[in-house]
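Colleague: Top to bottom, those sequences are chains A and B.
Letter 134 of the first sequence, counting from 1, is numbered 273 in the working numbering, and no numbers are missing.
Letter 120 of the second sequence, counting from 1, is numbered 259 in the working numbering, and no numbers are missing.
First the structure, which I've put down as structure tokens, then a few questions once you've had a look.
There are 2 protein chains.
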Amino acid sequence: MSLVRVQHVSISLDGFGTGEGLSLEAPFGHAGERLHEWMFKTRWGSRMIGRTDGTRGIDDAFLRLFAPGIGAEIMGAGKFGPPGWHENPQWQGWWGRNPPFHTPVYVLTHHPRPSIEMEGGTSFHFIDAPPAEALAAARKAANGQDVRLGGGPGMIRDFIAAGLVDHMHIVVVPILLGRGVRLWDNLEGLENMFEIEAVASPSGVMHMTFSRRGA
Amino acid sequence: MSLVRVQHVSISLDGFGTGEGLSLEAPFGHAGERLHEWMFKTRWGSRMIGRTDGTRGIDDAFLRLFAPGIGAEIMGAGKFGPPGWHENPQWQGWWGRNPPFHTPVYVLTHHPRPSIEMEGGTSFHFIDAPPAEALAAARKAANGQDVRLGGGPGMIRDFIAAGLVDHMHIVVVPILLGRGVRLWDNLEGLENMFEIEAVASPSGVMHMTFSRRGA
């Protein structure tokens, strides 16, 4: 059965999934790369910064779940570009000609535009729709495989609140950001919907998995 | 050297150390005992509910750090009683004749009253003072031993912000409360002040220790 999955979304100890003041120069705002440094230290993540070394332990193992079994991604407008990207008809995302998705990607936006075919199997499709409707489109494109929710935190929260999420891997990074967008707002009682496991990595981050009960 | 310590303060995954709507009937508000159930399952914590059984693993080990080396506690007004307790001259705390502190306890309140001697070595002293001044009084009473900050979350945050905390043991319980008082608000960059460790317990909670760098 096709699942809706969240893979390695990092949040701070105070719950922020992104910082404040996002811009072209600061894609994660004042948070910078503080939520992602743990990834760059892994073998899987080191390629993001042009390296091929790194750890092969628990952090790396979790990261390698990113692509397998995924047939499409849905992302929020705030992930696709800096505030105002929709006013730039040339904007094609942060990731260059060959983005790391390699599937259809549905970008939630109030400013739809024509689809874009990138290299490596990624295509961007722009859709102005509530979570269930966006999921129906992505699921069709996924052709029986799983749909990944790519974030940011606000769109993930919306999908959780709509009861559409089957599995999440959330990484709690032991830093305090103080401001930004929180993942967990207004989700009281989430533990009733999900089986939750936690494991601490020697790197200092905590991996948490949320598996929908009965899914 | 006398340290300022926080022992086993529990917070939800979304950061709340207490719920909303505290009252005589609901000391933790809508949170009920959800933040503390993990404790009752331990041998040390089972006595709180009139039992003497329970686990003897990592959760129990951390809980047993509560009393050793402590010479005084400071607690916030919201821990000593329900909202409005200061209007009841008979109020002597939640804990009966023999409270579980067994040291002098300094209660931060804007409504000081005469000290109370309880059984078992506990005495309550009421003080209207900023963190540093309250700490000076408690430290003197502790007579060379450590001072425990008893909570709630608001008073702990104030002491952290004032740079007065040496060690914290915080327990992250995998539930979402959605509302209440957050421990971590406005503490961006705390990781620069503390060495942070995290370990997941088989019970599902996560133990985090914060040790002040250089302390």
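Note that CB positions come from ideal geometry on N, CA and C, so glycine has one too.
These numbers come from a predicted model, not from an experiment.
7 angstroms is my cut-off, CB to CB: does A:Gly290 come that close to chain B?
Modeller: Taking the first residue of the first sequence as 1, we reach residue 290 of chain A at position 151. By this cut-off, A:Gly290 is not an interface position.
Colleague: What do you reckon, are the CB atoms on A:Ala271 and A:Ala211 nearer than 7 angstroms?
Modeller: For the purposes of this step, residue 271 of chain A is taken as residue 132 along the first sequence, with counting starting at 1. For the purposes of this step, residue 211 of chain A is taken as residue 72 along the first sequence, with counting starting at 1. Not in contact: A:Ala271 and A:Ala211 (Cβ atoms no closer than 7 angstroms).
Colleague: Checking contacts by CB at 7 angstroms: is A:Gly154 closer than that to chain B?
Modeller: If you number the first sequence from 1, residue 154 of chain A lands on position 15. Yes, its Cβ sits closer than 7 angstroms to a Cβ of chain B.
Colleague: Cα separation between A:Met347 and A:Ala268?
Modeller: Within the first sequence, residue 347 of chain A is the residue found at index 208, counting from 1. Within the first sequence, residue 268 of chain A is the residue found at index 129, counting from 1. Using only the alpha carbons, I get a separation of about 29 angstroms.
Colleague: Near B:Leu174, what residues of its chain come up, given a Cβ to Cβ distance below 6 angstroms and the 5 sequence neighbours on each side ignored?
Modeller: Here residue 174 of chain B corresponds to residue number 35 of the second sequence, with the count starting at 1. The answer, listed in chain order, is Ser149 and Val312.
Colleague: Is the region 276–291 of chain A touching the region 196–215 of chain A in the sense that three or more CB pairs, one from each, lie closer than 8 angstroms?
Modeller: Flag = yes, the region 196–215 of chain A and the region 276–291 of chain A touch.
Colleague: Which same chain residues, not among the five before or five after A:Trp230, have their C-beta less than 7 angstroms away from its C-beta?
Modeller: Locating residue 230 of chain A in the first sequence gives position 91, counting from the first residue. Excluding sequence neighbours, A:Trp230 sits near Gly220 and Trp224.
Colleague: Got a sec, what are the start and stop residues for the alpha helix (DSSP H) B:Asp324 sits in?
Modeller: Mapped onto the second sequence, residue 324 of chain B falls at position 185. Segment: none, B:Asp324 is in no alpha helix (DSSP H) and carries neither H nor E.
Colleague: Here's a check: name, in chain order, each residue in its chain whose Cβ is nearer than 6 angstroms to the Cβ of B:Met307, leaving out the five neighbours to either side.
Modeller: For the purposes of this step, residue 307 of chain B is identified with residue 168 of the second sequence, where counting begins at 1. Closer than 6 angstroms at Cβ, skipping near neighbours: Val145 and Phe349.
Colleague: CB B:Gly189 to CB B:Arg321, shorter than 7 angstroms?
Modeller: Looking up residue 189 of chain B in the second sequence gives position 50. Looking up residue 321 of chain B in the second sequence gives position 182. No, Cβ-Cβ distance for B:Gly189 and B:Arg321 is not below 7 angstroms.
Colleague: What did DSSP end up calling B:His169 once you bin it into helix, strand or coil?
Modeller: In the second sequence, the residue the question calls residue 169 of chain B occupies position 30. Three-state DSSP puts B:His169 in a helix.
Colleague: In the DSSP assignment, what residue or residues form a beta bridge with B:Pro243?
Modeller: Position 104 of the second sequence, counted from the first residue, corresponds to residue 243 of chain B. Answer is B:Ser262.
Colleague: At what residues does the alpha helix (DSSP H) containing B:Asp285 begin and finish?
Modeller: To locate residue 285 of chain B, count along the second sequence from 1; it is residue 146. Per DSSP, B:Asp285 belongs to no alpha helix (DSSP H); it is in the beta strand (DSSP E), Asp285 to Leu288.
Colleague: With C-beta atoms as the reference, is B:Ala273 less than 7 angstroms away from B:Leu247?
Modeller: Walking along the second sequence from the start, residue 273 of chain B turns up at place 134. Walking along the second sequence from the start, residue 247 of chain B turns up at place 108. Taking 7 angstroms as the Cβ cut-off, B:Ala273 and B:Leu247 qualify as a contacting pair.
Colleague: Could you tell me which chain A residues have their CB closer than 9 angstroms to the CB of B:Ile188, listed as they occur along the chain?
Modeller: Stepping through the second sequence from its first residue, residue 188 of chain B is reached at position 49. Residues of chain A passing the Cβ test: none, with the nearest at roughly 21 angstroms.
Colleague: Which complete alpha helix (DSSP H) runs does the region 209–239 of chain A hold, if anything under 4 residues is left out?
Modeller: 216–219, all fully within the region 209–239 of chain A.
Colleague: Is the region 180–189 of chain B touching the region 197–206 of chain B, taking contact as three or more C-beta pairs under 8 angstroms?
Modeller: Yes: at least three Cβ pairs fall under 8 angstroms.
Colleague: Measuring straight from C-alpha to C-alpha, what distance separates B:Arg318 and A:Glu164?
Modeller: Your numbering for residue 318 of chain B matches position 179 in the second sequence. Your numbering for residue 164 of chain A matches position 25 in the first sequence. Taking the straight line from one Cα to the other gives about 34 angstroms.
Colleague: Tell me the rounded alpha-carbon separation between B:Phe227 and B:Val244.
Modeller: Indexing the second sequence from 1 puts residue 227 of chain B at position 88. Indexing the second sequence from 1 puts residue 244 of chain B at position 105. As written in the sequence, residue 227 of chain B is Asn, which differs from the Phe given in the question. Rounded to the nearest angstrom, the two C-alpha atoms are 19 angstroms apart.
Colleague: Give the secondary structure of B:Arg352 by DSSP, where H, G and I count as helix, E and B as strand, and everything else as coil.
Modeller: For the purposes of this step, residue 352 of chain B is taken as residue 213 along the second sequence, with counting starting at 1. It is coil, neither helix nor strand.
Colleague: Starting from A:Glu176, trace the alpha helix (DSSP H) in both directions and tell me its first and last residue.
Modeller: Along the first sequence, read from residue 1 onward, the residue named residue 176 of chain A stands at position 37. Note, A:Glu176: alpha helix (DSSP H), Glu176 to Phe179.
Colleague: In the DSSP output, what is B:Val312 paired with across the bridge?
Modeller: As a working note, residue 312 of chain B is residue 173 in the second sequence. B:Ser151, per the DSSP bridge assignment.
Colleague: Leaving out five residues before and five after B:Pro251 in sequence, what residues of the same chain have Cβ atoms less than 8 angstroms from its Cβ?
Modeller: In the second sequence, the residue the question calls residue 251 of chain B occupies position 112. The residues are Phe265, Ile266 and Asp267.
Colleague: Using DSSP with H/G/I as helix, E/B as strand and the rest coil, what is B:Gly184?
Modeller: As a working note, residue 184 of chain B is residue 45 in the second sequence. It is helical.
Colleague: Which residues in the same chain as B:Gly259 place their Cβ atom closer than 6 angstroms to its Cβ, once the five residues preceding and following it in sequence are excluded?
Modeller: Walking along the second sequence from the start, residue 259 of chain B turns up at place 120. The residues are Asn237 and His241.
Colleague: With 7 angstroms set as the bound, which would you pick, yes or no: does the beta-carbon of B:Leu316 sit closer than that to a beta-carbon of chain A?
Modeller: Reading the second sequence from its first residue, position 177 is the one you call residue 316 of chain B. Output row for B:Leu316: interface = yes.
Colleague: Answer with buried or exposed for A:His249, where buried requires no fewer than 16 other C-beta atoms within 10 angstroms of its C-beta.
Modeller: Walking along the first sequence from the start, residue 249 of chain A turns up at place 110. Result: exposed.
Colleague: Between the Cα of B:Gly293 and the Cα atoms of B:Ala216, B:Glu256 and B:Gly353, which residue gives the shortest distance?
Modeller: Your numbering for residue 293 of chain B matches position 154 in the second sequence. Nearest C-alpha to B:Gly293: B:Ala216.
Colleague: Can you pull out the residues from the region 325–339 of chain B whose beta carbon lies closer than 8 angstroms to at least one beta carbon of chain A?
Modeller: Flagged, chain order: Asn325, Leu326, Glu327, Gly328, Leu329, Glu330, Ile335, Glu336, Ala337, Val338 and Ala339.
Colleague: A:Pro313 versus chain B: which residues are under 8 angstroms apart at the beta carbon?
Modeller: Translated into the one-based positions of the first sequence, residue 313 of chain A becomes position 174. Those are Glu330, Ile335, Ala337 and Met347, listed as they occur along chain B.
Colleague: For B:Phe205, which three-state DSSP category applies?
Modeller: Taking the second sequence and counting its residues from 1, one reaches residue 205 of chain B at position 66. Coil, per DSSP.
Colleague: Within the continuous alpha helix (DSSP H) that includes B:Ala280, where are the two ends?
Modeller: By 1-based counting over the second sequence, the position of residue 280 of chain B is 141. That run of the alpha helix (DSSP H) goes Pro270 to Ala281.
Colleague: Can you give me the start and stop residues for the beta strand (DSSP E) that A:Ala337 sits inside?
Modeller: Numbered from its first residue, the first sequence carries residue 337 of chain A at position 198. From DSSP, the beta strand (DSSP E) with A:Ala337 extends over Phe333 to Ala339.
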